[in-house]
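Remarks on the structure that follows.
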Amino acid sequence: MLRYILHKLALIVPTVIGITICSFAFIRLLPGDPILAMAGQHGVSPERYEILKEQFGFNMPIWQQYLSYVWNVLHGDFGISLATKRPVLTDFLALFPATIELALFAMLLAVALGIPAGIFAAVKRGSWFDQLTMGVALTGYSMPIFWWGLLLIIFFSGYLGWTPVSGRIAINFFFKPITGFMLVDTLLYGNWAAFVSAVRHLILPAVVLGTIPLAVIARQTRSAMLEVLGEDYVRTARAKGLSPSRVINIHALRNAMIPVVTTIGLQVGMLMAGAILTETIFSWPGIGKWMIESISKRDYVVVQSGLLLIALVVMAVNLIVDVLYAVINPRIRAR
Amino acid sequence: MKLMKSLLAATAIIALAAGAAQAKQLVFCSEASPAHFDPGPTTGGNDFDASSRTIFNRLVEFKHGGTEVEPGLAESWEISDDGLVYTFHLRPNVKFHTTSYFTPTRDFNADDVIFSFERQWKEDNAYYTYLSGLSWDYFQGMDMPKYLKSIEKVDDLTVKITLNEPNSPMIANLGMDFASIMSKEYADQLEAAGTLADFASAPVGTGPFQFVDYQTDAVIRYSAFPDYWAGKVAIDDLIFAITTDPAVRVQKLKAGECDIIPYPAPADIADLQADPNLVVQEQEGLNIGYMSYNTTVAPMDNVAVRKALNQAINKDAIIEAVYQGAGQVAVNLIPPTMWSYNTAVKDDAYDPAAAKAALEAAGVKDLTLDLWAMPVSRPYNPNAQRVAELIQADWAAVGVKANIVSYEWTEYRERGKAKDRPGAFQIGWTGDNGDPDNFFATLFSCSAIGVSNYSSWCDEGFEKLIQDAKTVPDQAERTKLYEQAQVVFKEQAPALTLAHSKVFMPMSKRVIGFTMDPLGIHRFDNVDVAE
Chain A
-6 MLRYILHKLA LIVPTVIGIT ICSFAFIRLL PGDPILAMAG QHGVSPERYE ILKEQFGFNM
54 PIWQQYLSYV WNVLHGDFGI SLATKRPVLT DFLALFPATI ELALFAMLLA VALGIPAGIF
114 AAVKRGSWFD QLTMGVALTG YSMPIFWWGL LLIIFFSGYL GWTPVSGRIA INFFFKPITG
174 FMLVDTLLYG NWAAFVSAVR HLILPAVVLG TIPLAVIARQ TRSAMLEVLG EDYVRTARAK
234 GLSPSRVINI HALRNAMIPV VTTIGLQVGM LMAGAILTET IFSWPGIGKW MIESISKRDY
294 VVVQSGLLLI ALVVMAVNLI VDVLYAVINP RIRAR
Chain B
400 MKLMKSLLAA TAIIALAAGA AQAKQLVFCS EASPAHFDPG PTTGGNDFDA SSRTIFNRLV
460 EFKHGGTEVE PGLAESWEIS DDGLVYTFHL RPNVKFHTTS YFTPTRDFNA DDVIFSFERQ
520 WKEDNAYYTY LSGLSWDYFQ GMDMPKYLKS IEKVDDLTVK ITLNEPNSPM IANLGMDFAS
580 IMSKEYADQL EAAGTLADFA SAPVGTGPFQ FVDYQTDAVI RYSAFPDYWA GKVAIDDLIF
640 AITTDPAVRV QKLKAGECDI IPYPAPADIA DLQADPNLVV QEQEGLNIGY MSYNTTVAPM
700 DNVAVRKALN QAINKDAIIE AVYQGAGQVA VNLIPPTMWS YNTAVKDDAY DPAAAKAALE
760 AAGVKDLTLD LWAMPVSRPY NPNAQRVAEL IQADWAAVGV KANIVSYEWT EYRERGKAKD
820 RPGAFQIGWT GDNGDPDNFF ATLFSCSAIG VSNYSSWCDE GFEKLIQDAK TVPDQAERTK
880 LYEQAQVVFK EQAPALTLAH SKVFMPMSKR VIGFTMDPLG IHRFDNVDVA E
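Taken in sequence, the protein lines are chains A and B.
For what it's worth, my numbering labels the leading residue of the first sequence as -6, then goes sequentially.
For what it's worth, my numbering labels the leading residue of the second sequence as 400, then goes sequentially.
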């Protein structure tokens, strides 16, 4: 098992190098000048422009800029934001818990609803439930997130008044974050009303962010189950006279879960992408909103280091999924 | 232990919040996160709302709802006859905020004024580069280094500012956000502790509100400053709930999660006006959307051609189609809310037949032009691409072919500045200080060619008028000069004056006393809320 993990870790190294190159190049490939973008409508004089260019190190050859970036990152220095002048890592650590909290709940929702729906659809293949579930899943998968979010806000918050429109907690609750996870912090402070408010604020964004993963997981579970249910050993199990629930839950499900867990792992990357739009709609102070604003400001430092940090997180999650995969399926670690 | 401490502290804060449930609270759903809380180096309206207009004061202030200046931290001032020496008499007994991170030991005085300007001016000041990559854009942009000769302390409550050359807009400049007055005592304390960066994240000012807390990208909290020199404001707590999407801001206002929102989408305005629980204030913006002809490139070096191109454009149709009620036709370069606006100037009337005839008379046939469209939406031009298409169609009707050109925003402006740039260039301007000089000289003076004079237009008569107006201290005289400048501008047509935006400010009916500001800033020091 340890060898398996070490092998996976070794594979990460070239990926990280690739990501530093991509994240460094990406923002520089976009047209637009960070110094001019910062300057506002007055612009900057050519002399001042040269001074700033030197201050930011943009006058160095591009390879030198890259090497100094990697060198700094290796020393734990992710740079200082051009716009806010705060260290990128400080902002990332302050904003990341909000994204994690949202993504976790979105994923929880997707798994809790997606897997049972998929199993049931597979077992009752061809039934109205199957047709309905797969129809809804297809709709969910094709839903434009921005439109979907706004629609839910208008209906549930505007029309029905059931949920708050946006934000993480009602404005009256004010305390210094301890962990940065709103649900955890409100409980640590023992403030039940604040906890309820935080949950209410989490519902709509989690539904919006969870919609696509939910659809993907439901469809994947259904097809994996269908495949497994057709296997000989399932037929044997049934022939032995085992109860249908035992056949499905013990014999079929565990094997069907392997591709589903992979899908869930891959959806983490999707969640990060979805978080960008979801956080923007719901004014959710997480890293998605932070990245999109930094791109529009051409904040090179935030974009390159932010992308790298997000990529590292996604890779770490995928590594965990790989390990889980090996736990579920002993054949993998034997290879 | 640390956890226990912060738990205890926070419980106290929550208890306070609960106890203060009766406190008067106003929630402003602001449109973007501030970069930080030092108004000197920032440039965005959202930065200024969050810092200079809440936490700080200036020597002079703009009157509520106007562009005239009134005394601020300076009670009065004199200007020498030659227009070079400004003597400010400072307000006595003005307190700085007492916060968890700073307790002032003295009142505001001349040292604070000198420090506030020197930190942006003198390279040897510790605060000149106190944040990485700092640039004092407004201090530079308003040409302060060129005009300032010295700032001296006469006594604790008197400051003398000497200029290198007369500059009548100087007083208006001193009311701008970058000229906010900082506490030198606080700056010195941070310098001694080696924590200069806190100056931008934990601000201390003399303004109506004191800073309480900022949760990055989410919420900014202020409380009323009890010892404010003009008297404690009516509300107790001011909260900025950062909400970037305009449609979501509207929903939050309707749901009662905000009391006031800025910049609603034009499409939502009718709906907001129909809501019985809301009030929608409106005002002309202090801005101009225009289209610069490069007057050095043939055939647009010919006034008759420029006038003909202007005449061919149906501005009313553009305003209706693109601005959706959030704009008005611009006759002059400055908006009607600004002093010295010349109502006698007549716009080039829409007349395609006359335009065609004028082009023929000028010997222009089969003209092909580049027509530049900004890639971004601005209040003064919400959709330059669509404007370009409408102008393209209007020009086609008089036999002029237009090729629409666009680039990424910073590149667009850089390319537009080029002296030999061909064609007609859409651009705009938002006023900084309510002084006409900020429009005329910034956008069309000879020295602005290659910087912000996108027409490369240098007209002797116009230049003399605006330069004279800059040095004459008397406002009535300045008004006359600017009125004449507007006549010359219309005659010479270096640009098409397209539109001034209209700005809407929807708010809950419980908000009392909010006045919209032509400078586009949002101030809450005169606002109250109904119980």
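C-beta: ideal position from N, C-alpha, C; glycine also.
According to DSSP, residues forming a beta bridge with residue i
i: ASP927/B; result: ILE911/B
i: SER475/B; result: HIS488/B
i: TRP828/B; result: ILE687/B
i: LEU547/B; result: LEU562/B
i: SER844/B; result: For SER844/B, which the question treats as bridged, DSSP gives no partner whatsoever.
i: LEU881/B; result: One point to set straight first is that residue 881/B is Tyr, not Leu, in the sequence displayed. Partner(s): none; TYR881/B has no beta bridge.
Sequence-distant residues of the same chain with beta carbon closer than 8 Å to residue i, five excluded per side
i: ASP667/B; result: PRO645, ALA646 and VAL649
i: ASP597/B; result: TYR500 and LEU589
i: ILE28/A; result: VAL37, TYR42, LEU45, LYS46, PHE49 and PHE51
i: LEU153/A; result: none
i: LEU4/A; result: none
i: PHE188/A; result: LEU176, THR179 and LEU180
i: ARG909/B; result: ASP658, VAL928 and ALA929
i: LEU425/B; result: ILE634, ASP636, LEU637, ILE638, ASP658, ILE659, VAL910, PHE923, VAL926 and VAL928
i: GLU683/B; result: GLN727, PRO734, PRO735, THR736, HIS899, SER900, LYS901, VAL902 and PRO917
i: ASP715/B; result: VAL728 and TYR749
i: ALA431/B; result: GLY443, ASN445, ILE641 and THR643
Coarse secondary structure for residue i, derived from DSSP in three states
i: VAL200/A; result: helix
i: TRP64/A; result: helix
i: ARG490/B; result: coil
i: ILE147/A; result: helix
i: ILE580/B; result: coil
i: ASP644/B; result: coil
i: GLY183/A; result: coil
i: ASP84/A; result: helix
i: LYS800/B; result: strand
i: ASP225/A; result: helix
i: LYS559/B; result: strand
i: GLU759/B; result: helix
i: SER190/A; result: helix
i: TYR627/B; result: coil
i: MET904/B; result: strand
i: HIS0/A; result: helix
i: ASN676/B; result: coil
Nonlocal neighbours in the same chain, by C-beta distance under 6 Å from residue i, ignoring five residues either side
i: LYS601/B; result: Correcting the residue identity first, residue 601/B is Ala in this sequence and not Lys. Correct list, in chain order: TYR500.
i: SER276/A; result: SER159 and GLY160
i: PHE939/B; result: Missing from the structure shown is residue 939/B; chain B here goes from 400 to 930 and no further.
i: PRO170/A; result: ASP178
i: ASP576/B; result: PRO438, PHE447 and SER451
Distance between beta carbons of residue j and residue i, contact taken as under 8 Å
i: GLY630/B; j: ILE454/B; result: Incorrect: roughly 17 Å between the Cβ atoms, too far for contact.
i: ALA268/A; j: LEU219/A; result: ALA268/A to LEU219/A, Cβ: 32 Å. No contact.
i: PRO661/B; j: ASP924/B; result: Contact flag wrong, Cβ pair sits at about 17 Å.
i: LEU270/A; j: PHE139/A; result: 5 Å
i: ASP636/B; j: MET906/B; result: No, ASP636/B and MET906/B are not in contact; Cβ-Cβ is about 17 Å, not under 8 Å.
i: VAL116/A; j: ILE196/A; result: Incorrect: roughly 30 Å between the Cβ atoms, too far for contact.
i: VAL744/B; j: LYS889/B; result: 5 Å
i: PHE839/B; j: ALA894/B; result: Not quite, the Cβ-Cβ distance comes to about 12 Å (not below 8 Å), so this is no contact.
Same chain, Cβ closer than 7 Å to residue i, neighbours up to 5 away in sequence not counted
i: VAL704/B; result: PRO698, LEU758, ALA761 and VAL763
i: SER475/B; result: HIS488
i: PHE85/A; result: ILE280, GLY299 and LEU302
Output, in sequence order along the chain, the residues in the stretch 293 to 323 of chain A whose CB is closer than 8 Å to any CB in chain B. none
To be precise: take each residue of the stretch 862 to 873 of chain B, compare its Cβ to all Cβ atoms of chain A, and keep it if any distance is under 9 Å. Which residues remain? none
Closer than 7 Å between beta carbons: that is the criterion. Which residues of the stretch 80 to 93 of chain A meet it against chain B? ASP84, ALA87 and LEU88
Taking a Cβ distance cut-off of 8 Å, strictly less, list which residues of the stretch 156 to 167 of chain A are near chain B, in chain order. PRO157, VAL158, SER159, GLY160, ARG161, ILE164, ASN165, PHE166 and PHE167
Members of the stretch 44 to 55 of chain A that neighbour chain B once the beta carbon cut-off is set at 9 Å: ILE44, LEU45, GLN48 and PHE49
Beta carbons nearer than 7 Å to chain B: which residues of the stretch 259 to 285 of chain A have them? THR273, ILE274, SER276, PRO278, LYS282 and TRP283
Under 8 Å, CB to CB, which of the residues in the stretch 605 to 627 of chain B have a partner in chain A? ASP612, GLN614, THR615, ASP616, ALA617, VAL618 and ARG620
In the stretch 13 to 38 of chain A, which residues sit with their C-beta less than 8 Å from some C-beta in chain B, listed in chain order? LEU23, PRO24, GLY25, ASP26, LEU29, ALA30, MET31, ALA32, GLY33, GLN34, HIS35, GLY36, VAL37 and SER38
Closer than 8 Å between beta carbons: that is the criterion. Which residues of the stretch 428 to 447 of chain B meet it against chain A? ALA431, SER432, ALA434, HIS435, THR442 and GLY443
Of all the residues that make up the stretch 641 to 658 of chain B, which are near chain A by a beta-carbon distance shorter than 7 Å? ILE641, THR642, THR643, ASP644, ALA646, VAL647, GLN650, LYS651, LYS653, ALA654 and GLU656
Using a Cβ cut-off of 8 Å, which residues of the stretch 129 to 153 of chain A contact any Cβ in chain B, in chain order? LEU143, ILE146, ILE147, SER150 and GLY151
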